[in-house]
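A.B. asks: In the working numbering, the protein residues as written are 55 to 166. Here a beta-carbon is modelled for each residue, glycine too, at the ideal position from N, C-alpha and C. Quick caveat: nothing in here was measured; it's all calculated off a predicted structure.
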Amino acid sequence: MNIEDLVIFKSIMKSYHSNKEKVTNSMQMLKRILATESKETSEMLEIYQRYISGEDIDKKTLDKANEQFTDLLKNVGLLGIFALPGGIVAITFLVKLGKKLGIDILPKSYKS
55 MNIEDLVIFK
65 SIMKSYHSNK
75 EKVTNSMQML
85 KRILATESKE
95 TSEMLEIYQR
105 YISGEDIDKK
115 TLDKANEQFT
125 DLLKNVGLLG
135 IFALPGGIVA
145 ITFLVKLGKK
155 LGIDILPKSY
165 KS
């Protein structure tokens, strides 16, 4: 490891330690969001499976599954944008633009 790498590493570690609580809280929030999304997606798939098999599903239950499917598509879209260079900036821009246009691009689990 050369001197420049060491300086960069120390800078990153200093930044991490000064923001450790914030990073930890963000990771815990992400864990909760992913757990919720996973549970809701499993429920959605179960509802769709029952619907396809011919079971009579009430409108409220089907609407709940459709809402989760919409959230799932939003998550996939955000993940795709995040993977691009400058993805964080792009997501921030798209959220603000969406608000101005009355379009909600964030899944409901990111709002709580």
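Measuring alpha carbon to alpha carbon, tell me which of M98, D59, K154, G140 ends up nearest K114.
C.D. replies: Within the sequence shown, residue 114 is the residue found at index 60, counting from 1. Minimum Cα distance to K114 is reached at M98.
A.B. asks: Between V149 and I159, which are expected to be in contact by the criterion C-beta below 8 angstroms, what is the C-beta distance as a whole number of angstroms?
C.D. replies: Numbered from its first residue, the sequence shown carries residue 149 at position 95. Numbered from its first residue, the sequence shown carries residue 159 at position 105. Indeed, because the Cβ distance is near 6 angstroms, the residues count as touching under 8 angstroms.
A.B. asks: Report the residue from I66, D125, G156 whose alpha carbon sits nearest the alpha carbon of Y164.
C.D. replies: Residue mapping note: residue 164 aligns to position 110 of the sequence shown, counting from 1. When each option's Cα is compared against that of Y164, the closest is D125.
A.B. asks: To the nearest angstrom, how far is it from the Cα of E75 to the Cα of I66?
C.D. replies: As a working mapping, residue 75 is identified with position 21 in the sequence shown. As a working mapping, residue 66 is identified with position 12 in the sequence shown. Using only the alpha carbons, I get a separation of about 15 angstroms.
A.B. asks: Does S107 come out as helix, strand or coil in the three-state DSSP assignment?
C.D. replies: The residue labelled residue 107 in the question sits at position 53 within the sequence shown. Residue state, collapsed to three classes: coil.
A.B. asks: How big is the Cα-Cα spacing for A144 and G108?
C.D. replies: Residue mapping note: residue 144 aligns to position 90 of the sequence shown, counting from 1. Residue mapping note: residue 108 aligns to position 54 of the sequence shown, counting from 1. Their Cα atoms are separated by approximately 42 angstroms.
A.B. asks: Out of V130, A119, E94, which one is the CA nearest neighbour of Y105?
C.D. replies: What you label residue 105 is simply residue 51 of the sequence shown in a count that begins at 1. Checking every option, the nearest Cα to that of Y105 belongs to A119.
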